[in-house]
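Residue numbers (this note's numbering), protein chains in the order written: chain A, 23 to 379; chain B, 3 to 209.
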């Protein structure tokens, strides 16, 4: 048990590393599909550092790191020889470049079987340096300011420079007031626009977005937590999640977290779908009133909507979509040429089939 | 507004409230009927039920998109009320909840208006590591030009000084950041002098 007086440094077993027993008494409407223990996640508990216990002592460090690297860039890793481990298992520490990658990795890899042994993955904030902790808190600040479209009235003292001398500091009584000239806001002004390129795990766009019913959550599955809310998975393995109005029970589902692609803006899946729908409709709008590429042709009346060209925002998906689209076109063309003779006396014009992909 | 989520949150908060005979809503009592409890093999306590609900709400508090709902449901008050509970776990979870949501400007102002700083400072003397760590962070997040007189009062700074020497890295890191970024050197000096002469102050969390 870690407390102020204990002599264990980083690497000593801490309470927050312990895997809590699953909670058995949860009310039905709050039961998820996996047994969960009761835990509250705060920014203090989360970390870029993750501790991995239960790694079979088979010399599989390389494979382990490769597996974890799927979730994001890894800065450091090494075995923790002094950490107590069960027989025939080892303990590793992995440091991710980004906190959200650590989040996904923990979520995905915790309680996963690895070479026949069950891994236990947890955060290890005690390995952080003061500066790393500071940056973690600052990132959290930035994120909240952006997510709530607020600018905090309080800005921190300048932190990135070298520690100031006493004489410099005594200049300002309140260096942290907004008027202080020694203030540096670490915030990127673009934070406050909805510009892409900001990646944060809970990129639920803002409180004003009443469209998407989904809230993203920050915490992870089993091994000690109560799932408070619902998230989106747009990570490496896009999986289907229920959108729309979810019944309370499914709010207990595990958190979904975006891929650690620092470039892409994370959007909940239903927002993706809505975006595509909107783009599609926009595309249709023009095809109805539209112009032809060949300007010599006179267009009388609205064009039939083309099969919408959907941009799936993904290379491989677009390739598939294009293949399907072409195939559809092929089939549609072959159908229209084969059905020359009117089928019935009413002679309905052939309507292009719109197939849903 | 997404009804499903609000209803769910509401159900959680209802477990914490009961309307008494005069029609007033009393906070912090659990109105939990047997039907809302799943069938399970082992008996559980009312305290456990409360803990689960509170943990749920505290985790919800991490996500800004929930803040409007949480404010509507007066969960901020709930968290503040829970800080004075005897149950250590309830305090821990409530403190975590506050830590999670206090960066939002509206929430921050609300907490400060509700004199929330005092019970949070008291949490610094908890024997629960998570409670203390959450309290340190929350005080940092709540520090504004107006509130800093309270959040960086002498006993607090002195406490942080001691925490900064702790072998618990999480605690010492946070305390160091508190001293470096939120206190003036003068304040730190004053606290250092104080601790030299007296033993009065906020005790370290027990082992």
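All residues carry an ideal CB built from backbone N, CA and C; glycine is no exception.
Fair warning: this is a prediction, and the values are worked out from it, not measured in the lab.
Closest by C-alpha distance to residue i, when choosing among the options
| i | options | result |
| --- | --- | --- |
| residue 77 (chain B) | B:112, B:205, B:192, B:195 | B:112 |
| residue 96 (chain A) | A:75, A:123, A:142, A:81 | A:123 |
| residue 125 (chain B) | B:85, B:172, B:65 | B:85 |
| residue 75 (chain A) | A:91, A:345, A:133, A:171 | A:133 |
| residue 80 (chain A) | A:347, A:149, A:111, A:158 | A:111 |
| residue 98 (chain B) | B:136, B:208, B:104 | B:136 |
| residue 62 (chain A) | B:170, B:54, B:48, B:47 | B:54 |
| residue 383 (chain A) | A:69, A:65, A:129 | Any answer about residue 383 (chain A) is impossible in this case: the structure gives chain A only from 23 up to 379. |
| residue 49 (chain B) | B:144, B:89, B:71, B:182 | B:89 |
| residue 106 (chain B) | B:68, B:204, B:171, B:128 | B:68 |
| residue 150 (chain B) | B:131, B:189, B:73 | B:189 |
| residue 80 (chain B) | B:143, B:116, B:194, B:66 | B:116 |
| residue 207 (chain B) | B:108, B:131, B:175, B:51 | B:131 |
| residue 141 (chain A) | A:108, A:171, A:351 | A:108 |
| residue 182 (chain B) | B:129, B:83, B:142 | B:142 |
| residue 167 (chain B) | A:160, A:172, A:152 | A:152 |
| residue 171 (chain A) | B:66, B:56, B:51 | B:66 |
| residue 154 (chain A) | B:171, B:146, B:128 | B:171 |
| residue 175 (chain B) | A:164, A:150, A:168 | A:150 |
Beta-carbon contacts of residue i that lie in its chain and below 8 Å, excluding the five residues immediately before and after
| i | result |
| --- | --- |
| residue 184 (chain A) | Its pLDDT being 43, under 50, residue 184 (chain A) is placed unreliably by the model, and nothing is read from it. |
| residue 192 (chain B) | 156, 159 |
| residue 384 (chain A) | Because chain A here runs from 23 to 379, residue 384 (chain A) falls outside it and cannot be looked at. |
| residue 128 (chain A) | 72, 143, 144, 145, 242 |
| residue 73 (chain B) | 108, 109, 112 |
Chain B residues whose Cβ lies nearer than 9 Å to that of residue i
| i | result |
| --- | --- |
| residue 113 (chain A) | Under the 9 Å cutoff, chain B gives no residues; its nearest Cβ is about 17 Å from residue 113 (chain A). |
| residue 116 (chain A) | Ordered by position in chain B, no residue passes the 9 Å Cβ test against residue 116 (chain A), which lies about 18 Å from the chain. |
| residue 37 (chain A) | 131, 132 |
| residue 341 (chain A) | Those within 9 Å of residue 341 (chain A) in chain B number zero; the least Cβ separation is about 34 Å. |
Beta-carbon contacts of residue i that lie in its chain and below 7 Å, excluding the five residues immediately before and after
| i | result |
| --- | --- |
| residue 67 (chain A) | 38, 145, 147 |
| residue 152 (chain B) | 119 |
| residue 102 (chain B) | 60, 63, 64 |
| residue 185 (chain B) | 154, 159 |
| residue 144 (chain B) | 104, 110, 113, 114, 119, 153 |
| residue 82 (chain A) | 137 |
| residue 194 (chain B) | 163 |
| residue 87 (chain B) | 93 |
Closer than 7 Å at the beta carbon, the chain A residues around residue i
| i | result |
| --- | --- |
| residue 172 (chain B) | 66, 147, 148 |
| residue 95 (chain B) | 62 |
| residue 195 (chain B) | In chain order: nothing, as chain A lies at least about 15 Å away. |
Proximal residues to residue i (C-beta, below 6 Å), its chain only, five neighbours per side dropped
| i | result |
| --- | --- |
| residue 133 (chain B) | 93, 94, 97, 125 |
| residue 195 (chain A) | Confidence at residue 195 (chain A) is low in this model, with a pLDDT of 37, below 50, so its placement is unreliable and no value can be given for it. |
| residue 165 (chain B) | 173, 177 |
| residue 140 (chain B) | 100, 101, 104, 122 |
| residue 40 (chain B) | At residue 40 (chain B) the pLDDT is 40, less than 50, meaning the model places this residue with poor confidence and gives no usable figure here. |
| residue 198 (chain B) | none |
| residue 11 (chain A) | Residue 11 (chain A) is absent from the structure shown; chain A starts at 23 and stops at 379. |
| residue 113 (chain A) | 75, 102, 105, 107 |
| residue 90 (chain A) | 116, 127 |
Chain A contact residues for residue i, given Cβ-Cβ distances below 9 Å
| i | result |
| --- | --- |
| residue 115 (chain B) | Those within 9 Å of residue 115 (chain B) in chain A number zero; the least Cβ separation is about 14 Å. |
| residue 99 (chain B) | 62, 64 |
Cross-chain neighbours of residue i in chain B, by beta carbon under 7 Å
| i | result |
| --- | --- |
| residue 60 (chain A) | 53, 54, 57 |
| residue 155 (chain A) | 175, 176, 179 |
| residue 152 (chain A) | 175, 178, 179 |
| residue 163 (chain A) | 105 |
| residue 40 (chain A) | Here the premise fails: no neighbours, minimum Cβ distance about 12 Å. |
| residue 169 (chain A) | 66 |
Chain-ordered chain B contacts of residue i [CB-CB under 8 Å]
| i | result |
| --- | --- |
| residue 344 (chain A) | Here the premise fails: no neighbours, minimum Cβ distance about 35 Å. |
| residue 122 (chain A) | Here the premise fails: no neighbours, minimum Cβ distance about 13 Å. |
Interface residues of chain A facing residue i [CB-CB closer than 8 Å]
| i | result |
| --- | --- |
| residue 139 (chain B) | 64, 65, 66, 159 |
9 Å Cβ cutoff, residue i in contact with chain D
| i | result |
| --- | --- |
| residue 84 (chain B) | No chain D is present in this structure, whose protein chains are A and B. |
(message) Which residues of the region 92-114 of chain A have a Cβ closer than 8 Å to any Cβ of chain B? Give them in chain order.
(response) none
(message) Using a Cβ-Cβ cutoff of 9 Å, what residues of the region 56-72 of chain B are near chain A? List them in chain order.
(response) 56, 57, 58, 59, 60, 61, 62, 63, 64, 65, 66, 67, 68, 69, 70
(request) Check each residue of the region 70-88 of chain A: if its Cβ is closer than 7 Å to any Cβ of chain B, include it; give the result in chain order. (result) none
(request) Would you list, in sequence order, the uninterrupted alpha helix (DSSP H) runs of no fewer than 4 residues that lie entirely inside the region 92-137 of chain A? (result) 121-131
(message) Taking beta-carbon pairs under 9 Å, can you tell me which members of the region 126-137 of chain B lie near chain A?
(response) 129, 131, 132, 134, 135, 136
(request) Could I get the ranges of all uninterrupted beta strand (DSSP E) runs contained in the region 92-152 of chain B, with 3 residues as the minimum, in chain order? (result) none
(request) Using a Cβ-Cβ cut-off of less than 7 Å, give me the residues of the region 102-114 of chain B that come near chain A, in sequence order. (result) 102, 105, 106, 107
(request) Please specify which runs of the alpha helix (DSSP H), each continuous and at least 4 residues long, are wholly inside the region 143-170 of chain A, giving them in chain order. (result) 152-169
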